[in-house]
Amino acid sequence: MNSRQPLVEGRLAACVNRVEGVVSTYRWESKLERDKETLLLIKTTEGCFDELESAIRDRTSYELPELIAVPFCNGSSAYLDWLHASVKD
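For the sequence shown, this note's numbering assigns the number 59 to the initial residue and increments by one for each residue that follows.
Here's what the structure looks like:
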C-alpha cells in the first residue's frame, strides 16, 4: 500500500513509519501462509480511526488488512500535543 503521504497530507495521521521486510506467518482459508510484508505504524487519534480505516481499505489490495488500534498509557506532552495538532479535530 503506497498511501503514507495521503494519510499525513489528509491529516488522518500525524506520522507513518514504514517497516519493510516483515515476515508474517498466518492461517488463511485453512492454509498456513508465510509472506514478506510491509508493516505500517500509523500515529493518529481515536477520533480519526474510522476515517483512517476507510482510507486504508480504499487503498489496499488486501481482503482483510490488519487494522488495529494499540492504546498507549503515556507519552511526552510535547509529542502528544504535536500529534493532536497534526490530525483533524
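For every residue, glycine included, the Cβ atom is placed at its ideal position computed from N, Cα and C.
{"Query": "Buried or exposed by the 16-neighbour rule on C-beta atoms within 10 Å, applied to residue 128", "Result": "exposed"}
{"Query": "Sequence-distant residues of its chain with Cβ nearer than 6 Å to residue 100 (five each side left out)", "Result": "71 and 74"}
{"Query": "Same chain, Cβ closer than 6 Å to residue 83, neighbours up to 5 away in sequence not counted", "Result": "92"}
{"Query": "Exposed unless 16 or more other CB atoms sit within 10 angstroms - verdict on residue 131", "Result": "exposed"}
{"Query": "Residue 137, enclosing alpha helix (DSSP H) - first and last residue", "Result": "135 to 144"}
{"Query": "Nearest residue (CA-CA) to residue 80, options 96, 87 and 118", "Result": "96"}
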